[in-house]
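**Student:**
In our numbering, the protein residues as written are -4 to 1047.
Here it is, written out as structure tokens:
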């Protein structure tokens, strides 16, 4: 039976990967632009149920449908539209009866059979017609309709050979076009439809561009800022690229940075520019995972060292010695012959590294520093050299593009994967005058709280100082006794007068050290070494002690130390001269005190340098770490410090956001992109408040093709005690517009569960799939509740364990994380609980079956065993591709380049060395799930482009954050945009099911649980976003499920 189940899983993956490639051979056909005049997505039923206001609902009566194990599927009317009968009359087979029986036994074994929860009435409405016979053909045609023109331009440009760069540059503001014969002319903007583009910025003075270069297949172009040439007092000049309605490809390395300096991009209407990022293309094809980066860096240093030896006559003998092998071990095994094969198939992401990897070109980036070191006059004096530098980057970027773009199309062949990049690269965030107020308020609040913390610390220092003449007090105090009270004597001259230049005469040494000079202000912050002692910090009530090389530790009397011996790292203070005296301290019973390290996020080997660091906030919030002795000042200082933590870490990134007012790119902008001055922008009427931030996104910044950006894609949600955490809610839709968006419910968890369900060709057929679709928090049958029960933690904390495990993390991960959540657990206890979790979820590994994946064995007995058998089988493929869009894995993780790689990483399914080579199985499993999640997002985006164009909906993509998607839509189109999102989601979920061999879709996951309609960005529409820096509550938005949307009638 096990063999048969495995055969079904393997067959599903093989079939879907083959068909993902075969279907790309189908010639594109234009979409059926029928019913373009219709305002609604769903045509009205002949006898629709009436709403309270008398308007008809879009809902249509239909028959409910359930599968063989009781999971409710989409209604009959929806199923007929999503999975229509094929023209050739072939009907997808029903699940094999034997597989259904196996599924029932599997579910019964885990006490899930019959515990269905979705018994709601069936949902039905009319969908737009599929643009093809099947969903995969439908999406292929949607992708080609969106991408075809851009693909033709991109492919043609990949074959182009631009002319040599100009020998001399004209000193002229704005754009200059250079011809091959040496002539030139001033132009308003480049006239080419494909450009390689690069901008240079004097980043120490301004965020706006100083110069730029571009090259097409036939001409070179250069742009100089009027401010650089002294023609304008304002530095706020943007670069015009011409008609925003013209389809245009703009190639660049990290092109998001350059896009933020382009005039036409600062508009509510999306341009038709396609920004093609060579960094993203490289990452998707030859990127490396975070675990590989240290090995790659060491290998590069070794190669550079070896090259230096071979090129330098002085080291000729040493070079021969190293190459001979006797010194190779001394280099840590870093010589080229000892490199793992994948090292030569990847590189870091900078243009310097990428150019060296793909083209063998070495770039000198030294002149780049001139833009930061020189002032305006200095840059202008060297404009020829600097334009040469900029043009050299453009030339190299085009050479990289010619190499990497064809490889990308081979790695990600589906047109949807390409089409979605245009929208991901042109996201936009509108703000108003509240943005400046937000930064000012957050900074003022931070300064006030910081000052308050310091005032309280000074107060605590002065209070401690009162005991300087009372050693009987401070010597018995566990915190004050750690301070250095020496140095209170006053040095006298021979004449009996106090000696000169004495700092803080009569004060103890610890206090003196808080002053640089006698007349200097006190330097006392939460980062000062004595602060934890003044704050009387304690762990579980036991005082903190500075333990030298051990960092901050806590001191426990011998009789009370039992509970910490197994769960904490004990420190031998006698072994370090700096802390030897601590080993001589005894408690009241006469036993020596015992010292234990404060836990560190990086594990027991790391030391705590400051218990006031951000990583310890959770311990303060839980009460494990706190202030003893009832000091009000101490508690207030700790609360204030916690409140400042977010702003301290994010203030620079937030303050440096490039904000451009709409008025600056309006009539005042002029043909050369000159921006209006700050004074002018205040006189443009009602629109003068409107401004934009263009998030500088890398659309494929990781090997899983996830987008990367360091501010907006990592922004936290507003918390009532965190200064500045209202950041996202400061993104405000302009008048007449709103944000429409949704979070994909359990996106990657559902994708993983679908792998298990494919074993039975049945939704909910495996335990994880059943829990994902039918499990409820109330009944304790959902995945997070079950994990929480096993581990004895909260349901919310259990989510971290579940997602980590699904991504391939092993027992060690769960063990470490468990001790972080419950510091009282010993290593052995945490290991036992973690192993039990994996036994019940992942199961037990059965090895030695040569017929199963080359003898790698398989998992059995757990709720997720079938999922991991599928995922590991998938990861063992020579060249894995996502089952839906056929996107391939990066070369650095391909099995052939991993040596002994691809083997299971033991019981935990983790990273391991085999035959001197890393398997990186965890990374490959993680890639399979997350890259499929990216496919999901790309499908949503391309569906939305099609639907908004077909129905004339005014909406554009504003921001995506992994499984969240937000559109900026006109107020009058908000419900139609929300309905479009629901349609896009149904199509996408149905395609995933179809590609995994299940020609049906559960109603529980077919629709977004809610689509948010809001005027600000925030996680939930009812979040007030009240923080210390934003005391005013924000009015709630609107959240609508599919039934509420259908009830909107013609509005939707």
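Virtual Cβ for every residue (Gly too), placed ideally from N, Cα, C. All values derive from a computational prediction rather than experimental measurement.
Rounding to the nearest angstrom, what Cα-Cα distance links residue 275 and residue 875 in this structure?
**Tutor:** Each residue's CA atom was taken as its position, placing residue 275 and residue 875 some 19 Å apart.
**Student:** Please give the ranges of any alpha helix (DSSP H) in the stretch 89 to 155, keeping only runs that are unbroken, at least 4 residues long and fully inside the region.
**Tutor:** Correct list: 92 to 104 and 130 to 153.
**Student:** With a threshold of 7 Å on Cβ separation, who are the neighbours of residue 482 within its own chain once the five nearest residues in sequence on each side are excluded?
**Tutor:** Around residue 482: 503, 504 and 507.
**Student:** As an exercise, report each continuous beta strand (DSSP E) stretch of at least 3 residues that is fully enclosed by the stretch 547 to 623, in chain order.
**Tutor:** 547 to 551, 589 to 592 and 620 to 622
**Student:** Can you tell me which of 980, 257, 644 and 62 puts its alpha carbon nearest to the alpha carbon of residue 192?
**Tutor:** 257
**Student:** Quick one: Cα of residue 819 to Cα of residue 854, how far?
**Tutor:** 32 Å
**Student:** If we call anything under 9 Å between Cβ atoms a contact, is residue 961 one with residue 734?
**Tutor:** yes
**Student:** Mind the definition here: the stretch 441 to 459 touches the stretch 611 to 621 only if three or more C-beta pairs lie below 8 Å; say whether that holds.
**Tutor:** no
**Student:** Given residue 354, which residues of its chain have a CB within under 7 Å of its CB, disregarding the five upstream and five downstream residues?
**Tutor:** 394, 395 and 398
**Student:** With a cut-off of 8 Å, do at least 3 Cβ pairs link the stretch 403 to 415 to the stretch 999 to 1017?
**Tutor:** no
**Student:** Does the distance from the CB of residue 923 to the CB of residue 870 come in under 9 Å?
**Tutor:** Yes. Within cutoff.
**Student:** Can you tell me the Cβ-Cβ gap for residue 1048 and residue 165, rounded? I've got them flagged as a contact below 8 Å.
**Tutor:** Given that the chain is displayed from residue -4 to residue 1047, the structure contains no residue 1048 and the question cannot be resolved.
**Student:** So, for residue 544: in the same chain, excluding its five sequence neighbours on each side, which residues have a beta-carbon less than 6 Å away from its beta-carbon?
**Tutor:** 571
**Student:** Count the other CB atoms within 10 Å of the CB of residue 925; is the residue buried (16 or more) or exposed (fewer)?
**Tutor:** buried
**Student:** Rank 263, 134 and 215 by C-alpha distance to the C-alpha of residue 159 and give the top, closest one.
**Tutor:** 215
**Student:** When the Cα atoms are used, what is the spatial distance from residue 291 to residue 891?
**Tutor:** Taking C-alpha positions only, residue 291 is separated from residue 891 by approximately 17 Å.
**Student:** Excluding the five sequence neighbours on either side, which residues of its own chain have a C-beta within less than 6 Å of the C-beta of residue 587, listed in chain order?
**Tutor:** 581
**Student:** What's the C-alpha gap between residue 344 and residue 273?
**Tutor:** Computed Cα separation, rounded: 9 Å.
**Student:** Which same chain residues, not among the five before or five after residue 1028, have their C-beta less than 6 Å away from its C-beta?
**Tutor:** 1019 and 1021
**Student:** Along the alpha helix (DSSP H) that carries residue 354, what are the first and last residues, could you check?
**Tutor:** 346 to 354
**Student:** Quick one: Cα of residue 623 to Cα of residue 433, how far?
**Tutor:** So the alpha carbons of these two residues sit roughly 36 Å apart.
**Student:** Considering only their Cβ atoms, is the gap separating residue 169 from residue 183 smaller than 9 Å?
**Tutor:** Closer than 9 Å, so yes.
**Student:** How many Å lie between residue 690 and residue 254 at the Cα?
**Tutor:** 9 Å
**Student:** Tell me the rounded alpha-carbon separation between residue 974 and residue 140.
**Tutor:** Those two C-alpha atoms are separated by around 22 Å.
**Student:** Quick one: what does DSSP say residue 538 is sitting in, helix, strand or coil?
**Tutor:** Three-state result, residue 538: strand.
**Student:** Between the stretch 698 to 710 and the stretch 879 to 890, do at least 3 Cβ pairs fall closer than 8 Å?
**Tutor:** yes
**Student:** Using the Cα positions of residue 2 and residue 760, report the straight-line distance between them to the nearest angstrom.
**Tutor:** Model confidence at residue 2 stands at a pLDDT of 42, short of 50, so the residue's coordinates are unreliable and nothing is read from them.
**Student:** What does DSSP give as the partner residues of residue 1025 in its beta bridges?
**Tutor:** 1022
**Student:** Could you name the residues of the same chain whose beta carbon sits closer than 6 Å to that of residue 155, not counting the 5 residues immediately before and after it, in chain order?
**Tutor:** 212
**Student:** Per the contact definition of three or more C-beta pairs closer than 8 Å, is the stretch 513 to 520 in contact with the stretch 556 to 573?
**Tutor:** no
**Student:** Can you give the Cα-Cα distance for residue 773 and residue 955, rounded to whole angstroms?
**Tutor:** 31 Å
**Student:** Are the beta-carbon atoms belonging to residue 340 and residue 223 less than 9 Å from one another?
**Tutor:** no
**Student:** Taking just the CA atoms, how far does residue 736 sit from residue 1108?
**Tutor:** The displayed coordinates of the chain run from -4 to 1047. Any statement about residue 1108 would go beyond what the structure contains.
**Student:** For residue 272, write down the residues that DSSP places opposite it in a beta bridge.
**Tutor:** 247
**Student:** List the residues that DSSP assigns as beta-bridge partners of residue 257.
**Tutor:** According to DSSP, residue 257 shares a beta bridge with 234.
**Student:** Would you list the residues sitting across from residue 173 in a DSSP beta bridge?
**Tutor:** 179 and 215
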